[in-house]
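Novice:
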Amino acid sequence: MFSGIIQSQGKIKKLTREEKSLVVEIQSSLKGYKLGSSICCSGICLTVTSIKKNTFKADISYETINKTNAKYWKVGKKINLEKSLKVGDEISGHFVFGHIDTTCSVEELYKIGSSWFLSFIFPKNLKKFIVQKGSISLNGISLTINNVKTNKCHCMIIPHTYKHTDIHTYKKNEILNLEVDMLARYAHSSKNR
105 MFSGIIQSQG KIKKLTREEK SLVVEIQSSL KGYKLGSSIC CSGICLTVTS
155 IKKNTFKADI SYETINKTNA KYWKVGKKIN LEKSLKVGDE ISGHFVFGHI
205 DTTCSVEELY KIGSSWFLSF IFPKNLKKFI VQKGSISLNG ISLTINNVKT
255 NKCHCMIIPH TYKHTDIHTY KKNEILNLEV DMLARYAHSS KNR
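Numbering (our numbering), first residue to last: 105 to 297.
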């Protein structure tokens with residue numbers, strides 16, 4: 105489990121396709137993980153299978169490739185990284201599983217004062233989990249939802265988040281990994297029992 109507070113950026117060094125799966129090699133300055141550790145890679149929980157100097161490898165399954173933007177990853181792409189939480193860690197964002205629900209697409213990104221307005225389009229079937237002032241994870245980043253419409257919503261991005269995540273690289277129609285807030289998911293499912 106993660107908090108959606110990005111600790112580092114990694115760069116994809118190598119991608120190897122193996123029978124409907126993908127092996128990704130990521131170079132970063134992230135420290136303190138070991139073989140078998142879970143690392144959130146742009147929202148996707150991946151397991152470290154090999155470590156060499158400042159690089160780790162992870163396997164991406166067929167299911168994950170189909171559900172996420174990993175299918176579009178290329179060598180050189182920068183991704184957001186976060187180590188898994190330990191008991192007693194500060195939770196500055198919200199609880200993020202690293203289990204992507206779907207992808208969404210960037211509609212707009214522009215500056216307002218010292219912050220940035222980010223709007224994105226999501227599948228309508230997730231609307232029940234996406235509420236104003238609730239949380240959402242986009243590419244592993246914990247964000248607060250400002251406004252929601254039928255199939256789109258927007259968030260305001262502070263300068264620190266803009267600078268220290270991949271948000272500053274987003275273009276219109278870019279595909280992002282989306283994970284709804286687990287509290288919203290469980291509250292909704294328990295209400296409908």
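From the three backbone atoms N, C-alpha and C, an ideal C-beta is built for every residue, glycine too. Fair warning: this is a prediction, and the values are worked out from it, not measured in the lab.
(1) Hey, is the segment 222-234 in contact with the segment 182-201, meaning 3+ C-beta pairs nearer than 8 angstroms?
(2) Could you check whether Ile-279 and Thr-206 sit closer than 7 angstroms to each other, using their CB atoms as the reference points?
(3) Closest to Lys-215 by C-alpha separation, out of Phe-199, Leu-185, Ile-262, would be which residue?
(4) In three-state DSSP terms, what is Tyr-137?
(5) Which residue comes first and which comes last in the beta strand (DSSP E) that contains Thr-214?
(6) Please state whether DSSP places Asn-184 in a helix, a strand or coil.
(7) Of the residues Asn-251, Ile-204, Gly-238, Lys-253, which one's Cα is nearest the Cα of Met-105?
(8) Can you round the beta-carbon distance between Ser-246 and Val-210 to whole angstroms, since I take them to be within the 8 angstroms contact cut?
(9) Residue range of the alpha helix (DSSP H) that Thr-265 falls in?
(10) Distance check for Glu-122 and Lys-299, CA to CA, integer angstroms please.
(11) For Lys-182, I'd like the list of residues in its chain whose CB is within less than 6 angstroms of its CB, leaving aside the five on either flank, ordered along the chain.
(12) Answer yes if the segment 235-245 comes into contact with the segment 131-151, meaning at least three C-beta pairs across the two stretches below 8 angstroms, and no otherwise.
Specialist: Considering the structure as presented:
(1) The answer is no - the segment 182-201 does not touch the segment 222-234, with fewer than three Cβ pairs under 8 angstroms.
(2) 7 angstroms or more divides the Cβ of Thr-206 from the Cβ of Ile-279.
(3) In terms of CA proximity to Lys-215, Ile-262 leads the group Phe-199, Leu-185, Ile-262.
(4) The three-state reading of DSSP puts Tyr-137 in coil, since its state is none of H, G, I, E or B.
(5) Looking at the sequence shown, residue 214 is not Thr but Tyr. 206-216 is the span of the beta strand (DSSP E), which, as asked, contains Tyr-214.
(6) Strand.
(7) Ranking the options by Cα distance to Met-105, first place goes to Ile-204.
(8) 17 angstroms between Cβ atoms; not a contact.
(9) Run containing Thr-265: 263-268, per the alpha helix (DSSP H) assignment.
(10) With the chain covering only 105 through 297, there is no way to say anything about residue 299.
(11) Here the set comprises Gln-113, Lys-115, Asp-270.
(12) With the cut-off at 8 angstroms, the segment 131-151 and the segment 235-245 touch.
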